[in-house]
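Engineer: Just passing along the structure, written as structure tokens.
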Amino acid sequence: MPVHQSRYSLLLCLLLPLLAAAQKPAGQAFQQDTPTQEIRYWYRNFDNHTSFGLLQLALRETEDDFGPYRIIRSEYLTQGRAQAELEKGNLELIRVMDVVADDGREQRLLPVKVATDGGLIGMRVCIIRKADQPRFNALYSKADVVAQRITFGQGAHWPDTRILAANGLEVMSSARFETLYRMLSEERFDCFLRGANEVQEDLQRYTREDLAIENTLLFSYPSSSFFFVSRQDQLLARRLQTGLQRAIRNGHFDEYFSRHFGSAVRKLNLMQRRVIHLDNPLLNDNSLLYPPGRFSLSAGQLETE
2 MPVHQSRYSL LLCLLLPLLA AAQKPAGQAF QQDTPTQEIR YWYRNFDNHT SFGLLQLALR
62 ETEDDFGPYR IIRSEYLTQG RAQAELEKGN LELIRVMDVV ADDGREQRLL PVKVATDGGL
122 IGMRVCIIRK ADQPRFNALY SKADVVAQRI TFGQGAHWPD TRILAANGLE VMSSARFETL
182 YRMLSEERFD CFLRGANEVQ EDLQRYTRED LAIENTLLFS YPSSSFFFVS RQDQLLARRL
242 QTGLQRAIRN GHFDEYFSRH FGSAVRKLNL MQRRVIHLDN PLLNDNSLLY PPGRFSLSAG
302 QLETE
């Protein structure tokens with residue numbers, strides 16, 4: 002049942018509420034001649050102004066403790082390659098990426114356990130061919146999706162690809178993110194499923210006149226994105242954790258998410274969409290599966306925990 006319009010302001014105020022107050026983690030005092038740290042950020046995150054801005058916030062909050070920084074765009078790397086290079090500790094190629102959590106990534110990389118998306122990455126809407134909207138208007142359940150043979154497009158290395166397949170949905174994949182838009186236009190699949198926090202910016206960047214955001218459905222499963230760094234890069238992990246927790250305490254974190262993600266709740270009309278719940282079998286760590294302050298869906302209503 003849709004939530005009344007008057008609750009929008011309350012929901013946005015509650016978006017990613019302050020985590021339980023923690024003692025300020027100790028940073029490392031730096032000398033005036035400390036060299037600037039080069040933080041090579043995965044190219045897709047670098048190009049996403051919301052993700053870039055959050056990394057910048059965490060680093061800016063800790064500049065007095067850890068020293069000056071410069072965020073550099075990584076070279077083109079598929080998500081799988083970026084993860085592999087982080088795992089090897091190839092810090093000159095990539096030092097941090099902001100991606101969806103799963104058990105494998107948590108074991109091989111070091112997650113900074115503050116959700117970078119408020120749980121909106123697990124609330125996913127379709128990018129479709131505009132002409133297909135009537136077809137989606139007739140879908141009300143996962144059984145309908147399967148019966149109508151709706152196919153989904155996802156990145157080859159994304160946990161979401163395995164999540165959709167585990168729920169009995171047909172998925173096509175590509176290692177190259179940008180290719181998925183062309184594949185959708187060419188009718189290789191029917192729905193490019195994207196997180197509510199990313200779909201609008203992505204579609205603006207990869208504009209195609211024949212594509213649009215589908216306007217009736219919301220596919221939901223427990224999921225969140227986190228900053229991941231190499232297990233050899235403990236100092237950067239501590240800096241990011243310190244910066245995000247400090248921003249939580251001083252209110253900058255909440256302000257940032259209300260500004261960047263509040264519009265997604267409004268423009269995508271999430272509270273009025275028909276919800277199709279899916280399971281996430283890839284993640285057992287509740288600190289990643291259900292991070293504090295995430296959006297949740299219950300009985301078709303968008304709520305905050």
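Each residue of the sequence shown is one higher than the last, beginning at 2 in our numbering.
Cβ atoms here follow ideal geometry from the backbone N, Cα and C, with glycine treated the same way.
Computed from a prediction, not measured in an experiment: that's the story for all the values here.
1) Where in the segment 66-98 do unbroken runs of the beta strand (DSSP E), each at least 3 residues long, occur, reported from the N-terminal end onward?
2) Sort 190, 284, 250, 60 by Cα distance to residue 236 and report the nearest one.
3) Return helix, strand or coil for residue 122, following the three-state DSSP convention.
4) Which value, in whole angstroms, describes the spacing of the CA atoms of residue 245 and residue 256?
5) Where residue 83 and residue 176 are concerned, what is the direct C-alpha to C-alpha distance, given to the nearest angstrom?
6) Are residue 168 and residue 223 close, meaning C-beta to C-beta below 8 Å?
7) Exposed or buried, what is residue 131 when buried is set at 16 or more other beta-carbons lying within 10 Å of its beta-carbon?
8) For residue 77, which residues from the same chain have a beta carbon less than 8 Å from its beta carbon, with the 5 sequence-adjacent residues on both sides left out?
9) Going by the beta-carbon positions, is the gap between residue 71 and residue 107 smaller than 8 Å?
10) With DSSP as the reference, label residue 233 as helix, strand or coil.
11) Over the uninterrupted beta strand (DSSP E) stretch that includes residue 112, give me the two end residues.
12) Do you know how far the Cα of residue 120 is from the Cα of residue 64?
13) Is residue 258 helix, strand or coil when you go by DSSP?
14) Closest by CA to residue 56, which one among 191, 35, 97, 157?
15) When you compare each of 277, 283, 284, 285 to residue 137 by their alpha carbons, which one comes out closest?
16) Could you give the distance in angstroms between the alpha-carbon of residue 111 and the alpha-carbon of residue 210?
17) Closer than 6 Å by C-beta to residue 230: which residues in its own chain qualify, once you throw out the five before and the five after it? Chain order, please.
18) When the distance is taken between beta carbons, is residue 190 closer than 8 Å to residue 156?
19) Here's the rule I'm using: 16 or more other beta-carbon atoms within 10 Å means buried, otherwise exposed. How should residue 160 be labelled?
20) The ligand ZN and residue 131: does any heavy atom of the ligand fall closer than 7 Å to the residue's C-beta?
21) Using the rule of at least 16 other Cβ atoms within 10 Å of the residue's Cβ for burial, across every protein chain shown, is residue 179 buried or exposed?
22) Could you check how far apart the C-beta atoms of residue 62 and residue 248 are, in whole angstroms? I think they sit under 8 Å.
23) Mapping the DSSP letters down to three states, classify residue 264 as helix, strand or coil.
24) Closest to residue 172 by CA distance: which of 151, 183, 81 is it?
25) I'd like the list of long-range same chain contacts for residue 90, defined as Cβ closer than 8 Å, with 5 residues on each side in sequence excluded.
26) The alpha helix (DSSP H) with residue 58 in it runs from where to where?
27) What residues in its chain sit with their C-beta under 7 Å from that of residue 46, if we drop five residues either side in the sequence?
28) How would you call residue 101, buried or exposed, if buried means at least 16 neighbouring beta carbons within 10 angstroms?
29) So, at 6 Å on beta carbons, what are the nonlocal neighbours of residue 69 in its own chain, with the 5 sequence-adjacent residues on each side left out?
30) Give me the Cβ distance between residue 126 and residue 204, rounded to the nearest whole Å; I'm assuming they're in contact under 8 Å.
31) Express the C-alpha separation of residue 254 and residue 309 in angstroms, rounding to a whole number.
32) Near residue 143, which residues of its chain fall below 6 Å by C-beta distance, leaving aside the five closest residues on each side in sequence?
33) Quick one, are the C-beta atoms of residue 193 and residue 116 less than 8 Å apart?
Structural biologist: For this structure:
1) Correct list: 70-74.
2) For the purposes of this step, residue 236 is identified with residue 235 of the sequence shown, where counting begins at 1. For residue 236, the closest C-alpha among the options 190, 284, 250, 60 is that of 60.
3) Start at 1 with the first residue of the sequence shown, and residue 122 comes out as number 121. If DSSP states are grouped into helix, strand and coil, residue 122 belongs with the helices.
4) Position 244 of the sequence shown, counting from 1, holds the residue named residue 245. Position 255 of the sequence shown, counting from 1, holds the residue named residue 256. Going from the Cα of residue 245 to the Cα of residue 256 covers about 13 Å.
5) What you label residue 83 is simply residue 82 of the sequence shown in a count that begins at 1. What you label residue 176 is simply residue 175 of the sequence shown in a count that begins at 1. Their backbone Cα atoms lie some 12 Å apart in a straight line.
6) Residue numbering aside, residue 168 sits at position 167 when the sequence shown is read from its first letter. Residue numbering aside, residue 223 sits at position 222 when the sequence shown is read from its first letter. It is not a contact, given that the beta carbons lie outside the stated cut-off.
7) As a first step, residue 131 is located in the sequence shown; it is residue number 130 there, counting from the start. In summary, residue 131 is exposed, with fewer than 16 beta-carbon neighbours lying within 10 Å of its beta-carbon over all protein chains present.
8) The residue labelled residue 77 in the question sits at position 76 within the sequence shown. Taken in chain order, the residues that qualify are 44.
9) What you label residue 71 is simply residue 70 of the sequence shown in a count that begins at 1. What you label residue 107 is simply residue 106 of the sequence shown in a count that begins at 1. Contact flag unset, no.
10) Against the sequence shown, residue 233 aligns to sequence position 232. Looking at residue 233 - three-state DSSP - the assignment turns out to be coil, as it is neither helix nor strand.
11) Stepping through the sequence shown from its first residue, residue 112 is reached at position 111. That run of the beta strand (DSSP E) goes 111-113.
12) Mapped onto the sequence shown, residue 64 falls at position 63. Mapped onto the sequence shown, residue 120 falls at position 119. If I take the Cα positions, the gap works out to 28 Å.
13) Residue 258 sits at position 257 when you count from the first residue of the sequence shown. DSSP places residue 258 in helix when its eight states are reduced to three.
14) Translated into positions along the sequence shown, residue 56 becomes position 55. Minimum Cα-Cα distance from residue 56 among the listed residues 191, 35, 97, 157 corresponds to 97.
15) As a first step, residue 137 is located in the sequence shown; it is residue number 136 there, counting from the start. If we check each option's Cα against that of residue 137, 277 comes out closest.
16) Position 110 of the sequence shown, counted from the start, is the residue given in the question as residue 111. Position 209 of the sequence shown, counted from the start, is the residue given in the question as residue 210. Rounded to the nearest angstrom, the two C-alpha atoms are 40 Å apart.
17) Against the sequence shown, residue 230 aligns to sequence position 229. Correct list, in chain order: 97, 111, 237, 238.
18) Position 155 of the sequence shown, counted from the start, is the residue given in the question as residue 156. Position 189 of the sequence shown, counted from the start, is the residue given in the question as residue 190. One thing to note: residue 156 has its Cβ no nearer than 8 Å to the Cβ of residue 190.
19) What you label residue 160 is simply residue 159 of the sequence shown in a count that begins at 1. By the 10 Å Cβ count, residue 160 comes out buried.
20) By its list of ligands, the structure shown contains no ligand whatsoever, and the ligand ZN lies outside what it can speak to.
21) For the purposes of this step, residue 179 is identified with residue 178 of the sequence shown, where counting begins at 1. Flag for residue 179 reads exposed.
22) One-based indexing of the sequence shown puts residue 62 at position 61. One-based indexing of the sequence shown puts residue 248 at position 247. Contact holds; Cβ gap of about 5 Å.
23) On the sequence shown, residue 264 is found 263 positions in, with the first residue counted as 1. Residue state, collapsed to three classes: helix.
24) For the purposes of this step, residue 172 is identified with residue 171 of the sequence shown, where counting begins at 1. Nearest C-alpha to residue 172: 151.
25) Position 89 of the sequence shown, counted from the first residue, corresponds to residue 90. Counting only residues of its own chain and dropping the five nearest sequence neighbours on each side, residue 90 has a CB closer than 8 Å to the CB of 231, 232, 233, 234.
26) In the sequence shown, counting from the first residue as 1, residue 58 sits at position 57. Its alpha helix (DSSP H) spans residues 50-62.
27) Position 45 of the sequence shown, counting from 1, holds the residue named residue 46. Answer for residue 46: 52, 53, 98, 99, listed in chain order.
28) The count along the sequence shown starts at 1 and reaches residue 101 at position 100. Buried, because 16 or more other Cβ atoms sit within 10 Å of the Cβ of residue 101.
29) Counting from one through the sequence shown, the residue named residue 69 turns up at place 68. These residues qualify, in order along the chain: 37.
30) Within the sequence shown, residue 126 is the residue found at index 125, counting from 1. Within the sequence shown, residue 204 is the residue found at index 203, counting from 1. With 8 Å as the limit, residue 126 and residue 204 do not qualify as a contact, their Cβ atoms being about 10 Å apart.
31) Since the displayed the chain opens at 2 and closes at 306, residue 309 lies outside it and no answer follows.
32) The residue you call residue 143 lines up with position 142 of the sequence shown. Within the same chain, residue 143 has close Cβ partners 277.
33) In the sequence shown, residue 193 corresponds to position 192, counting from 1. In the sequence shown, residue 116 corresponds to position 115, counting from 1. Cβ distance not < 8 Å, so residue 193 and residue 116 don't count as in contact.
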